[in-house]
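Protein chains in written order, with the working numbering: chain H, 9 to 366; chain B, 3 to 377; chain R, 9 to 170. Glycine included, C-beta positions come from ideal geometry on N, C-alpha and C. These notes are about the structure you will find just below.
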Amino acid sequence: MYNFSALTQSIHQYLSEAMSPLGAKITEMAIIGLVLIAFVALSVMGLVYIERKVAAFFQLRVGPNRVGKWGLLQTLADFLKLLMKEHIMARNADKFLFNLAPFLIVTAAFLAIGAVPFGLGLQAFDINIGVFYISAVSSIGVLGILIGGWAGNNKYSLIGALRSGAQVISYEISAILSLLTIVVLAGDLQLSAIIESQRDGWWVFKGHIPVLISFVIFLIAGTAETNRGPFDMAEAESELTAGFHTEYSGIKFAMFFLAEYVNLFIIAAVGATVFLGGWMPLHIGHWQAFNHIMDYIPSIVWFFLKTGGIIGIIMWFKWTFPRLRIDQLLVLEWKYLLPINLVNLLVVAFITLMGWHF
Amino acid sequence: MTEETLTKEGLKTQEYFVNMGPQHPSTHGVLRLMLELDGEIIKKVIPHIGYVHRSIEKMCEKDSYRQIVHITDRMDYLSNHMNNEAVCLLVENALEIEVSDRVKVIRTIMSELTRLSSHQLWWGVMGMDLGALTTFLYGFRDREMINDIFEETCGARLTMNYNTPGGLMFDIHPNFQRRVKEFVAHFKTKLPEYDALLSDNVIFRNRTEGIGVLSKEDAISFGVTGPTGRASGFSNDIRKHKPYSAYDRVEFKEILMETGDTFSRYKARILEMWESLSIIEQLIDNIPEGEIQSPAVKAVIKLPKGEFYQSVETARGELGVYVVSDGTKNPYRVKFRSPGFSNLFVLNHLAQGYKIADLVAMMSTIDLVIPDIDR
Amino acid sequence: MSAVATYFKDIFQGLKTLLTGMKITGYYFSHARKEIITQQYPENRDTLKMFDRFRGRVVMPHDENNEHACTGCSSCELACPNGSIEIMWERIVDPETGKKKKIIDKHVYHHSMCTLCNLCIIACPTDAIKMEQTFEHATFDRKELTMILNKPGSKVRKDVEE
Ligand code: SF4
Ligand code: SF4
Chain H
9 MYNFSALTQS IHQYLSEAMS PLGAKITEMA IIGLVLIAFV ALSVMGLVYI
59 ERKVAAFFQL RVGPNRVGKW GLLQTLADFL KLLMKEHIMA RNADKFLFNL
109 APFLIVTAAF LAIGAVPFGL GLQAFDINIG VFYISAVSSI GVLGILIGGW
159 AGNNKYSLIG ALRSGAQVIS YEISAILSLL TIVVLAGDLQ LSAIIESQRD
209 GWWVFKGHIP VLISFVIFLI AGTAETNRGP FDMAEAESEL TAGFHTEYSG
259 IKFAMFFLAE YVNLFIIAAV GATVFLGGWM PLHIGHWQAF NHIMDYIPSI
309 VWFFLKTGGI IGIIMWFKWT FPRLRIDQLL VLEWKYLLPI NLVNLLVVAF
359 ITLMGWHF
Chain B
3 MTEETLTKEG LKTQEYFVNM GPQHPSTHGV LRLMLELDGE IIKKVIPHIG
53 YVHRSIEKMC EKDSYRQIVH ITDRMDYLSN HMNNEAVCLL VENALEIEVS
103 DRVKVIRTIM SELTRLSSHQ LWWGVMGMDL GALTTFLYGF RDREMINDIF
153 EETCGARLTM NYNTPGGLMF DIHPNFQRRV KEFVAHFKTK LPEYDALLSD
203 NVIFRNRTEG IGVLSKEDAI SFGVTGPTGR ASGFSNDIRK HKPYSAYDRV
253 EFKEILMETG DTFSRYKARI LEMWESLSII EQLIDNIPEG EIQSPAVKAV
303 IKLPKGEFYQ SVETARGELG VYVVSDGTKN PYRVKFRSPG FSNLFVLNHL
353 AQGYKIADLV AMMSTIDLVI PDIDR
Chain R
9 MSAVATYFKD IFQGLKTLLT GMKITGYYFS HARKEIITQQ YPENRDTLKM
59 FDRFRGRVVM PHDENNEHAC TGCSSCELAC PNGSIEIMWE RIVDPETGKK
109 KKIIDKHVYH HSMCTLCNLC IIACPTDAIK MEQTFEHATF DRKELTMILN
159 KPGSKVRKDV EE
């Protein structure tokens with residue numbers, strides 16, 4: 009299996025020879041930043057396109073098919089349109105906060121994406137508390153939603169923002185608790201270590217029913233955390249017109265849009281990494297021959313396949329279910345997900361203690 | 003703005019107004035609701051109507067009776083055929099003309115198809131209001147087949163103007179019966195899907211059950227008719243109580259529910275679709291022969307002096323047409339008792355104490371068509 | 009005990025209903041190629057045919073001798089609820105019989121005011137006008153929507169009774 013660290017090492021080598029250590033460091037950071045920005049821009053465009061196509065197929069439509077072959081350039085065209093649109097601000101809006109909110113939300117998304125392991129040796133920032141780090145920074149995003157909703161001086165966006173605040177804070181707990189089950193099993197918070205622990209099989213297969221339960225809970229909580237249907241309380245198009253971003257237009261709106269899809273990607277990537285082994289190929293116990301064949305598929309392909317699968321499921325949710333009401337949403341979290349999750353965590357801890365998992 | 007009050011903790015709090023509409027995704031048209039809110043809890047709903055008022059009643063006063071028919075298409079555009087029928091029946095009754103059985107049966111089939119198409123659209127939109135965007139297209143897929151049937155026979159999809167006083171504009175198209183049968187067979191397989199997608203869905207159930215309960219007494223005193231009223235147990239089906247056209251010769255149940263909450267309003271319409279299908283099935287194979295236009299109706303229609311009233315059951319409830327005639331070829335005064343108007347004003351009564359999201363669900367199950375309210 | 013049982017029963021039944029819904033949308037997703045209902049409009053212009061009763065706009069058919077059946081009787085003008093038809097007629101002396109006779113000068117039709125209600129077609133005693141099945145009627149100039157239905161130099165057909 010190709011190890012990307014060979015590539016990154018050679019770049020590092022080359023840069024260290026060419027300039028001082030500090031210069032090399034700065035150049036490397038710049039390269040990583042640029043690569044990530046390019047990746048985010050491209051993947052968001054791809055995701056938006058896929059989402060629209062998927063929605064169309066669910067709804068017996070064709071979807072975008074005018075701009076470019078199969079409408080592939082549609083999102084690019086939309087992005088250009090958003091770039092050129094006028095910035096509109098309500099008269100009594102809080103100018104500073106109004107402009108700050110989109111940046112905050114995008115920054116949070118970027119902070120989290122740095123720690124995502126895309127492939128073997130392809131991780132910008134392998135911190136030893138990876139799971140904790142990603143959960144922590146991705147919740148900065150809700151600050152952006154709250155500020156954006158408040159600063160626009162619009163009652164609809166205020167309602168949307170407050171809903172979103174209540175929602176994200178509640179569902180964060182579930183998302184983290186369900187991730188903790190795997191942390192308990194793997195015995196490490198570092199993402200690369202969690203992936204390594206799945207060398208002989210992914211946790212969803214190895215971890216019996218409790219892990220399956222926490223995987224389902226993670227999917228639900230993840231959908232809620234990204235503010236997507238059926239949990240799109242903050243936008244709730246038929247109730248609050250556009251929710252927290254009602255007042256935003258042009259590129260600032262595009263930033264919210266961008267962050268929404270980056271968050272979707274991050275949630276799916278974290279889910280894939282923690283539960284489905286990330287870039288780790290499908291390995292089954294001691295079937296050496298089978299494992300060997302699987303190793304021929306590059307790690308990055310595995311990662312994107314799994315992430316894509318989870319994204320697909322989350323999209324399937326959105327295009328099938330009606331939206332919950334805000335109080336039902338909280339009931340679901342506090343009455344169902346949280347207690348189940350806590351019991352589940354205990355069970356997993358017990359299993360780990362007894363060494364009953366594979 | 004309302005007055006400030008203090009909470010238990012000593013914080014200042016205030017109720018506030020939100021304008022829902024005239025441009026709002028879930029008012030389905032230019033209806034403006036002023037919501038008095040306490041947080042997300044609704045204290046009061048004040049409907050403001052008139053944004054699409056086209057003075058249809060006044061326009062009728064300058065039109066001949068033949069011409070009035072085509073304006074009624076534009077009132078409740080989803081029950082267009084029933085609206086036409088109401089005016090035609092009124093003229094026929096006033097002139098004491100009996101139309102042929104063929105006309106009666108075709109009118110009934112057309113009305114039921116219209117009811118189905120209206121309910122299909124409502125179902126799709128109801129799902130969309132609750133956030134299930136996909137249902138919209140499924141509803142439209144099935145409605146499209148009905149629209150094609152209409153287009154083939156009547157020449158238009160929405161403003162059909164197919165009824166004329168004393169009969170119909172054309173005979174049915176040769177393909178009509180085959181197409182209707184195809185549609186009925188198709189839709190019988192799709193209706194269970196409607197149930198699986200929304201009616202049985204746990205999220206949908208939680209969003210609708212026990213929400214916005216309308217008691218039978220309130221339904222009667224607000225004059226809430228149609229499936230909305232019947233969901234509260236108020237028996238008001240004109241097709242049963244004062245049968246017109248061919249409704250006296252078909253078997254069908256008047257759908258009556260008991261609870262009167264949002265879900266029973268929803269369920270009433272779903273069950274009504276089954277009833278409509280059964281009515282169509284009973285009639286489609288035995289359309290009697292007969293003339294399409296009664297020769298007794300002259301080119302220029304003059305109603306005798308007096309007052310006339312005719313009501314029909316549209317997809318939304320009781321549509322009443324009241325005409326005062328002075329014996330000339332134009333009516334002296336026309337008044338439409340439109341179901342949407344009475345049904346809208348129950349909203350304030352229903353929504354108090356519920357959340358915005360519930361209001362959207364209630365509005366959806368009351369099934370408002372704004373041009374019908376404003377006329 | 010029963011409370012706990014209902015708690016779990018609720019969860020499982022809820023999940024089951026959610027999965028049935030997902031099964032249906034999943035079916036349509038996987039059979040999208042077969043089930044797609046939308047049409048690709050400008051591309052299918054050539055094959056798109058309206059039903060023969062479709063009401064696109066009012067036209068007056070002329071035969072090969074540039075003759076039509078309109079006698080200028082104004083019935084359609086009277087039948088129209090919106091005043092979208094204006095009949096301009098003349099009185100001429102019939103060269104054969106020597107009697108005075110009414111003929112059509114201009115049959116003016118305002119498409120912009122027409123609600124396509126078909127009342128004029130029904131009212132016409134000689135079936136001189138009919139509905140055309142075209143449907144692309146948008147123009148850049150509103151004046152183009154006012155048409156004169158009888159072609160220049162056309163005459164009324166001989167066999168048409170007044
Ligand atoms: S179709 Fe109706 S509105 Fe149009 S010209 Fe004829 S009578 Fe008038
Ligand atoms: S089109 Fe027909 S109704 Fe109209 S003026 Fe000519 S003959 Fe008379």
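Where residue i falls: helix, strand or coil (DSSP)
i	result
N73(H)	coil
I301(H)	helix
D40(B)	strand
Y57(H)	helix
E253(B)	coil
Q453(B)	For residue 453(B) there is no data in the structure shown, the boundaries of chain B being 3 and 377.
N82(B)	helix
F143(R)	coil
N52(R)	helix
I213(B)	coil
S172(B)	Reading off the sequence, residue 172(B) comes out as Phe, not Ser. Correct three-state label for F172(B): coil.
Q284(B)	helix
K300(B)	coil
I135(H)	coil
E293(B)	coil
Q336(H)	helix
V179(B)	Here the sequence assigns Gln to residue 179(B), which means Val is not the residue at that position. Looking at Q179(B) - three-state DSSP - the assignment turns out to be helix.
E315(B)	strand
R267(B)	helix
R377(B)	coil
G308(B)	strand
V54(B)	coil
For residue i, the residue or residues it bridges with in DSSP
i	result
Y117(R)	I93(R), M155(R)
L8(B)	K14(B)
F19(B)	E38(B)
N165(B)	L170(B)
R165(R)	R165(R) pairs with nothing; no bridge assigned.
K343(H)	Answer is none; K343(H) lacks a bridge partner.
beta-carbon residue i near ligand 2 non-hydrogen atom, thresh 7 Å
i	result
A233(B)	no
I137(R)	yes
H115(R)	yes
A131(R)	yes
I112(R)	yes
S83(R)	yes
T210(B)	no
I95(R)	yes
Residue i CB to nearest heavy atom of ligand 1 below 7 Å
i	result
L127(R)	yes
T123(R)	yes
S92(R)	yes
P89(R)	yes
V67(R)	no
Indicate whether the contact test is met: 3 or more Cβ pairs, each with one atom in the stretch 330-341 of chain B and one in the stretch 10-21 of chain B, closer than 8 Å. no
Check whether the stretch 150-158 of chain H and the stretch 107-121 of chain H touch, using three or more Cβ-Cβ pairs below 8 Å as the test. Pairwise C-beta distances place the stretch 150-158 of chain H in contact with the stretch 107-121 of chain H, as three or more of them are shorter than 8 Å.
Runs of alpha helix (DSSP H) lying entirely within the stretch 173-235 of chain H, each at least 4 residues, in chain order: Scanning the stretch 173-235 of chain H for uninterrupted alpha helix (DSSP H) segments of 4 residues or longer gives 199-204, 211-214, 216-233, listed from N- to C-terminal end.
Ordered list of beta strand (DSSP E) runs contained in the stretch 333-374 of chain B, each at least 3 residues: 333-339
Pairing CB atoms from the stretch 37-52 of chain B with CB atoms from the stretch 353-372 of chain B, are three or more of them under 8 Å? yes
Could you tell me whether the stretch 265-273 of chain B touches the stretch 119-133 of chain B, using the rule of 3 or more Cβ pairs below 8 Å? yes
Kindly confirm or deny that the stretch 95-102 of chain H and the stretch 248-266 of chain H touch, where touching means at least three C-beta pairs closer than 8 Å. In this structure the stretch 95-102 of chain H lies against the stretch 248-266 of chain H, because at least three pairs of beta carbons, one per stretch, are closer than 8 Å.
Could you tell me which whole alpha helix (DSSP H) segments of length 4 or greater appear in the stretch 62-108 of chain B? 67-74, 82-97
Taking three-plus beta-carbon pairs below 8 Å as touching, is the stretch 84-96 of chain R in contact with the stretch 34-49 of chain R? no
Please list the segments of the beta strand (DSSP E) lying wholly inside the stretch 33-85 of chain R, counting only runs of 3 or more residues, in order along the chain. 65-67
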